[in-house]
Amino acid sequence: MKVSARTQQRLVHRHQFAEEESGNPVQEISLDGGKVRLRTETKGEACIWKDYQAICVDTFLRKAWFGENESLIYWVNQQPLSDPLTCLGDGHPGIGKIVKNWDCPGEKREILDWFHLVENLHKVGGSVKRLKKAASLLWQGKIEETIALISPLKNERAENFCRYLEIHRHRIVNYNYYQQEPAFLTKSTITNPRSLTKSGF
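Structure follows, in structure tokens:
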């Protein structure tokens, strides 16, 4: 039996979903945000765009909020948070403000996720060989060597990327080391955190 998308949507909206919680101390949280287009109830009415924030907790629990940063912060603060707490994000100031409000009992280890770091690297353009070399250096957390490789290009995109590295210097780690230490970060989180935070939609 075929069920239309609208019927499925109504069934989902009618269902009361239980609030999910993490029973164990949370070791890592991946946080991402963006915009999503939503259909309206009235036929013929234009779709609306809404900001969302989504998190992935220890790679298995996923949640999202539409423009409700306070609710996100409240939910995280109700969970048992470990010391240290690893926080993966894209480095956006809005993400940093949310992470700042998490009541962690000890250290918060902020890490710039690999997906967004490489995404920004590729905006530099130019030689593929140079980009591969830069990615290899960044994978090992070698910021100075990467800046030395990119800065001679003397164009706006290269300058923007070097500035980006300086701003997020404290969030760029030796990703190779962390990938080999599952107690800190899982391979899937480093490799493609966006797929984790968005896969719950």
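Using my numbering, the letters of the sequence shown map in sequence onto residues 892 to 1092. Idealized CB from N, CA, C, for every residue including glycine.
query	result
Host alpha helix (DSSP H) of Gln1070 (start-end)	Tyr1066 to Gln1070
Identified DSSP bridge partners for Cys978	Ile920 and Glu1001
Enclosing beta strand (DSSP E) for Phe957 [first to last residue]	Leu952 to Phe957
Nearest to Asp994 (by Cα), restricted to the options Gly982, Leu976 and His1007	Leu976
Contiguous beta strand (DSSP E) assignments of at least 3 residues, all confined to the segment 992-1060	999-1003
Helix, strand or coil at Ile1063 according to DSSP, with G and I counted as helix	coil
Assigned secondary structure, Ser895 (DSSP; H/G/I helix, E/B strand, else coil)	coil
Own chain residues within Cβ distance below 6 Å of Thr898, not counting five before or after	none
DSSP beta-bridge partners of Cys947	Ser921 and Arg953
Ala955 beta carbon less than 9 Å from that of Tyr943	yes
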